[in-house]
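The block underneath contains the structure these notes are about, expressed in structure tokens.
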Amino acid sequence: MFATKRLSKMQEHLPPGIAIVKCDNLEEWQMDIKILDQNPLYLDQTYRLKFTFNNKYPIEPPEVQFIQSPASTGTPRSIPMHPHIYSNGIICLDLLGSAGWSPVQTVESVCMSLQSMLTANNRDERPAGDKEFIATNRRRIRDINFVYEDDNV
Amino acid sequence: MDQSFEIPDSTDWLETPLSLLAPFESSLRCQVCKDFFDNPVITSCSHTFCSLCIRRCLSTEGKCPACRSSDQELKLRRNWAVQELVDAFKLARPNVLDLARRENVRLAKGEEDIDEPTQKKRKINQVEEQELQVPEANSQGRRTRSQRSINSSAEERTVPQIVPEVIEDSQDDEEYMPEDGLVACPICFRKMKEEAVFPHLNVHQQEEEAPRKTPTKPTSFGLLKGTSQRGLTLPSKQPERLPAINYSILKDNALRKKLRDLGIPDWGQKQLLQRRHTEWMNLWNANCDSKCPKSKRVLLQELDIWERTQGGHAAVPSPFTTSNNVMRKDFDANEWSNNHDDDFKRLIANARKKSGAQVRSIIPETSPSSSRQREPQPQQDVGLPVNGARVELSPDTDANHVIDLSG
């Protein structure tokens with residue numbers, strides 16, 4: 001009920017570089033984001049985010065991850081290269097964990113945070129242990145205990 | 154967009170000439186639920202939220218959602234000035250928005266006219282709008298609203314149409330001041346010396362407060378009971394607030410009894426009891442902040458909605474995330490096996506492969522066919538490790554899930 005109120009607000013006035021792809025239900029939304037500055041890592045790329053809301057949103061954070069989309073769909077999307085983004089699209093960002101989340105955040109504000117997280121990055125690499133993580137992780141995103149050791153990126 | 158489904162939003166203003174009302178309206182909305190403040194309360198850190206929103210946040214996290222400083226429910230205070238702002242704005246909103254949108258239509262029309270040779274006429278219109286706009290308004294079939302159409306066409310000069318008089322008054326004051334040196338009282342408009350205004354205002358304030366201090370004579374404030382004053386008077390009988398409970402020192406049955414005493418459902422495990430009590434406490438105490446509290450029956454209905462969406466009757470988002478779903482009495486084994494047929498098959502295939510490989514590596518003479526004979530029983534066994542193959546429901550996921558529920 002809480003979520004219904006909030007999510008059903010059509011967001012017609014989105015910040016630049018953010019677009020709604022899919023929002024036909026209140027459990028899952030997809031958004032496209034672009035990096036607007038000249039960072040060569042992400043130049044001319046569009047990335048797709050999947051938001052999964054549970055019924056305690058916005059008291060609890062949504063699950064947010066990047067998703068891939070093959071070129072055959074007409075909208076090819078890849079997982080952006082970033083030392084805090086695993087190659088399966090899972091994002092290690094404190095504001096998406098229950099400790100860093102605040103109910104005043106919105107879909108737009110999360111998209112904007114991710115835009116700035118990418119903009120500020122200049123390392124063309126995956127997190128340490130990426131291979132093991134994506135091979136072994138079967139947990140839901142919310143159950144993963146990230147350690148936010150790196151405040152620089 | 155479908156008219157019947159339109160949800161008022163601060164962005165409604167952006168396409169009108171009154172686009173500056175968008176941030177104004179946002180500031181009258183709760184940052185948590187994005188709706189207009191409902192029983193606004195202010196935190197120790199001076200942030201304002203709906204009473205229910207901030208109570209739910211604080212009972213989950215104990216922190217202000219805006220600035221993350223710690224706060225307690227007990228420290229929340231009603232913010233009635235904001236409540237009045239919201240009430241007044243909600244009242245004015247449809248009319249103002251209507252005017253602003255019609256002004257948009259008019260401006261759009263004006264632009265079309267500019268292309269045509271009637272450009273000159275439009276300019277005249279803007280000067281003598283009153284006389285020339287009336288026929289136009291009538292021709293649109295809005296005879297009864299012609300008065301408003303005039304106003305909307307005059308809007309360019311007096312944009313905040315709701316308070317045109319105030320603007321004019323203040324302009325007049327500035328003009329008149331040098332002439333007689335007198336200032337008008339903003340309440341009764343009596344002219345007086347500038348120094349006299351503030352003492353004079355106290356008189357008004359006392360007049361206003363007098364009836365509130367003597368509520369024993371209810372007849373005397375019939376006039377003041379208008380919409381704007383109602384928010385300032387306390388409801389005659391304040392419902393009593395519920396205290397927080399330290400759940401950890403209560404045994405299941407003691408907590409169950411407490412819920413029974415409160416008149417709310419008392420079924421379920423302790424965790425559910427806790428969550429239900431917290432929600433009830435939030436609903437109840439938020440209701441105490443209301444200037445016209447709802448009845449307990451209404452609150453019980455709201456608790457029932459909570460029960461169905463987030464409590465014991467909540468739909469489980471994904472069956473694989475909650476193992477205890479399988480344990481429920483109404484668990485539908487057929488549906489479950491239909492839905493997860495593919496998963497089961499895949500798991501069985503994986504398990505076979507692995508167990509076959511294991512058996513072969515440990516006891517080389519065992520043929521793969523013998524391992525097939527003791528293939529795992531499908532369905533209910535699926536939550537357990539099958540012949541060494543780990544299945545989704547690992548113990549730590551379950552443990553986390555339980556912790557999850559308490560939040």
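These protein sequence lines are chains G and X, in that order.
Residue numbers are given in this note's numbering: position 141 of the first sequence equals residue 141, and the series is strictly consecutive.
Residue numbers are given in this note's numbering: position 338 of the second sequence equals residue 491, and the series is strictly consecutive.
From the three backbone atoms N, C-alpha and C, an ideal C-beta is built for every residue, glycine too.
Assigned exposure category for residue i - 16 Cβ within 10 Å defines buried
i       : result
V104(G) : buried
H466(X) : exposed
V185(X) : buried
V258(X) : exposed
E132(G) : exposed
K187(X) : buried
N399(X) : exposed
R428(X) : buried
D442(X) : buried
F177(X) : exposed
N440(X) : buried
E226(X) : buried
I160(X) : exposed
A219(X) : buried
R255(X) : buried
W420(X) : exposed
I18(G)  : buried
I79(G)  : buried
T136(G) : exposed
N196(X) : According to the sequence displayed, residue 196(X) carries Thr and not Asn. So T196(X) counts as buried.
A290(X) : Any answer about A290(X) is weak, because its pLDDT of 40 lies below 50 and its placement is not dependable; what the coordinates show is given next. With 16 or more Cβ atoms within 10 Å of its Cβ, A290(X) is classed as buried.
A570(X) : There is simply no residue 570(X) to check, as chain X begins at 154 and stops at 560 in what is shown.
I458(X) : exposed
F492(X) : The displayed chain sequence assigns Asn, not Phe, to residue 492(X). Flag for N492(X) reads exposed.
G89(G)  : buried
V396(X) : It should be pointed out that residue 396(X) corresponds to Pro in this sequence rather than to Val. Per the 10 Å Cβ criterion, exposed.
Within-8 Å CB hit, residue i to chain G
i       : result
L558(X) : At L558(X) the pLDDT is 40, less than 50, meaning the model places this residue with poor confidence; the figure from the coordinates comes in the next sentence. For L558(X), the answer is no, since every Cβ of chain G falls outside 8 Å of its Cβ.
D221(X) : In the sequence on display, residue 221(X) carries Arg and not Asp. For R221(X), the answer is yes, since a Cβ of chain G falls inside 8 Å of its Cβ.
T164(X) : yes
L173(X) : no
P170(X) : no
7 Å Cβ cut-off: residues of chain X touching residue i
i       : result
I103(G) : It should be pointed out that residue 103(G) corresponds to Pro in this sequence rather than to Ile. Chain X residues near P103(G): V185, C210, P218.
Closer than 7 Å at the beta carbon, the chain G residues around residue i
i       : result
Q422(X) : Here the premise fails: no neighbours, minimum Cβ distance about 18 Å.
T213(X) : I59
CB contact below 8 Å: residue i versus chain X
i       : result
P59(G)  : In the sequence as displayed, the identity of residue 59(G) is Ile instead of Pro. So yes, I59(G) belongs to the interface.
H82(G)  : no
P16(G)  : no
F133(G) : no
A19(G)  : no
Where residue i meets chain X, residues with beta-carbon distance less than 8 Å
i       : result
N137(G) : Those within 8 Å of N137(G) in chain X number zero; the least Cβ separation is about 11 Å.
Beta-carbon neighbours of residue i, restricted to chain X and to distances below 9 Å
i      : result
N55(G) : T462, Q463, A467, A468, P470
Residue i: contacting residues in chain G (beta-carbon distance under 8 Å)
i       : result
L167(X) : H13
Along the chain, which unbroken stretches of the beta strand (DSSP E) at least 3 residues long are found entirely within the stretch 158 to 237 of chain X?
Listed in chain order, they are 193 to 195, 201 to 203.
Identify every run of the beta strand (DSSP E) within the stretch 7 to 87 of chain G, keeping only runs that are complete inside it and at least 3 residues long; order them along the chain.
The stretch 7 to 87 of chain G contains, as complete beta strand (DSSP E) runs of 3+ residues, the segments 18 to 22, 28 to 34, 46 to 52, 63 to 67 (chain order).
Which ranges does the alpha helix (DSSP H) cover as unbroken runs of at least 4 residues, wholly within the stretch 395 to 483 of chain X, from first to last along the chain?
Secondary structure remark: continuous alpha helix (DSSP H) runs of at least 4 residues inside the stretch 395 to 483 of chain X, in chain order: 405 to 415, 423 to 441, 449 to 462.
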